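Below: one structure, written as structure tokens.
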Amino acid sequence: NASNYRYRRILLKLSGEALMGTQQFGIDAERLEQYALEVKKAVDEGLQVAIVIGGGNIFRGMHSPKIGIDRVQGDYMGMLATSINGMALQSALEQVGVYTRLLSGIKMEQICEPYVRRRAIRHLEKGRVVIFVAGLGSPYFTTDSAASLRAIEIGADVVLKGTRVDGVYSEDPEKNPDAVRYSNLSFQEVYNKGLNIMDMTAFTLCRENNLPIIVFDMNEEGNLLKVVHGDKIGTLITE
Ligand code: UDP
Numbered sequence: 006n007a008s009n010y011r012y013r014r015i016l017l018k019l020s021g022e023a024l025m026g027t028q029q030f031g032i033d034a035e036r037l038e039q040y041a042l043e044v045k046k047a048v049d050e051g052l053q054v055a056i057v058i059g060g061g062n063i064f065r066g067m068h069s070p071k072i073g074i075d076r077v078q079g080d081y082m083g084m085l086a087t088s089i090n091g092m093a094l095q096s097a098l099e100q101v102g103v104y105t106r107l108l109s110g111i112k113m114e115q116i117c118e119p120y121v122r123r124r125a126i127r128h129l130e131k132g133r134v135v136i137f138v139a140g141l142g143s144p145y146f147t148t149d150s151a152a153s154l155r156a157i158e159i160g161a162d163v164v165l166k167g168t169r170v171d172g173v174y175s176e177d178p179e180k181n182p183d184a185v186r187y188s189n190l191s192f193q194e195v196y197n198k199g200l201n202i203m204d205m206t207a208f209t210l211c212r213e214n215n216l217p218i219i220v221f222d223m224n225e226e227g228n229l230l231k232v233v234h235g236d237k238i239g240t241l242i243t244e
């Protein structure tokens with residue numbers, strides 16, 4: 006029951022790349038199912054779950070003057086890529102019996118609802134998982150910015166950044182084996198140490214609105230529930 010949990014309404018940010026699994030691009034069916042089952046566990050416990058999904062596995066905003074793709078065009082293409090991932094995630098969640106709604110920052114009325122804050126909150130109250138796609142619907146942002154802003158708008162208790170590493174390290178642990186993992190950081194420390202948790206726009210939004218961030222390993226079974234339970238895994242960033 007949700008009252009046993011430290012956080013009640015969560016915003017889970019998943020990168021597009023996470024969906025690739027061991028592939029070079031695209032969506033890995035096993036990984037998708039694994040994530041759906043993790044989310045289901047949280048929903049079954051009565052938690053309200055919103056998800057922002059990235060698009061890096063399909064397309065990441067690029068500008069290619071050679072073929073005439075400028076920054077803005079490339080960013081819109083990136084936003085559409087997140088929509089494809091969101092649709093896949095929606096299907097995977099429904100497959101395991103979770104009710105979902107897809108809400109988009111860009112109108113695509115045949116496949117999803119437009120983002121309307123009050124509606125998003127209503128869906129959550131009814132126990133539906135809300136998947137936010139197309140980022141913020143504006144270029145020059147990232148899905149991390151979308152995660153921070155949507156989390157603030159819907160009054161989420163925390164932003165959970167699901168990654169493939171178990172927290173924030175002093176240096177890239179894949180390059181330097183001596184890198185140390187932080188279990189707690191303040192927003193100021195992240196800034197002073199120049200740690201790269203999310204882009205500055207996204208990070209500043211969390212900081213200014215005092216919204217905690219937890220970076221954790223989403224690929225480890227059971228971790229999502231542990232995090233919302235307040236177990237000491239990953240890295241917690243607070244004021
Ligand atoms: N994007 C954007 N505005 C947004 C969200 C995303 O322009 O509000 C574009 C941007 O080009 C970005 C791409 O969509 O590179 C895919 O999102 P992101 O790179 O954040 O995905 P992730 O790294 O999480 O897979």
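At position 221 of the sequence shown (counting the first as 1) the number is 226 in full-length UniProt numbering, and the numbers step up by one without a gap. Backbone N, C-alpha and C define an ideal beta-carbon position, used for all residues, glycine too. On a predicted model such as this, the values are computed, not experimentally measured, just so you know.
With 16 as the cutoff for other CB atoms within 10 Å, does residue i come out buried or exposed?
i, result
"residue 34", "exposed"
"residue 30", "exposed"
"residue 60", "buried"
"residue 90", "buried"
"residue 153", "buried"
"residue 14", "buried"
Judging by CA-CA distance, which residue of the options is the nearest neighbour of residue i?
i, options, result
"residue 85", "65, 100 and 95", "65"
"residue 184", "193, 192 and 173", "173"
"residue 45", "71, 221 and 100", "100"
"residue 162", "150, 219 and 23", "219"
"residue 198", "176, 216 and 79", "176"
"residue 112", "105, 131 and 120", "120"
"residue 88", "107, 75 and 79", "107"
"residue 221", "150, 19 and 94", "19"
"residue 49", "68, 11 and 134", "134"
"residue 103", "78, 79, 126 and 51", "51"
"residue 189", "72, 238, 63 and 37", "238"
Residue i and residue j look like a contact to me (Cβ under 8 Å); what is the Cβ gap, rounded to whole Å?
i, j, result
"residue 148", "residue 54", "Contact flag wrong, Cβ pair sits at about 16 Å."
"residue 242", "residue 195", "6 Å"
"residue 138", "residue 109", "5 Å"
"residue 229", "residue 114", "Going by Cβ atoms, the distance from residue 229 to residue 114 rounds to 31 Å, so no, they are not a contact pair."
"residue 144", "residue 76", "7 Å"
"residue 156", "residue 200", "Residue 156 to residue 200, Cβ: 20 Å. No contact."
"residue 208", "residue 244", "With 8 Å as the limit, residue 208 and residue 244 do not qualify as a contact, their Cβ atoms being about 13 Å apart."
"residue 16", "residue 141", "No, residue 16 and residue 141 are not in contact; Cβ-Cβ is about 14 Å, not under 8 Å."
For this session: Pick out the complete beta strand (DSSP E) segments inside the region 112-156, 3 residues or longer, and give them in chain order.
Result: 134-138
Problem set entry | By C-beta, the residues closer than 5 Å to any heavy atom of the ligand UDP, given in chain order | 20, 21, 59, 60, 61, 65, 66, 80, 83, 84, 140, 141, 144, 146, 147, 148 and 151
Problem set entry | Segments of 4+ residues assigned as alpha helix (DSSP H) that fall wholly inside the region 40-122 | The qualifying runs are 76-100.
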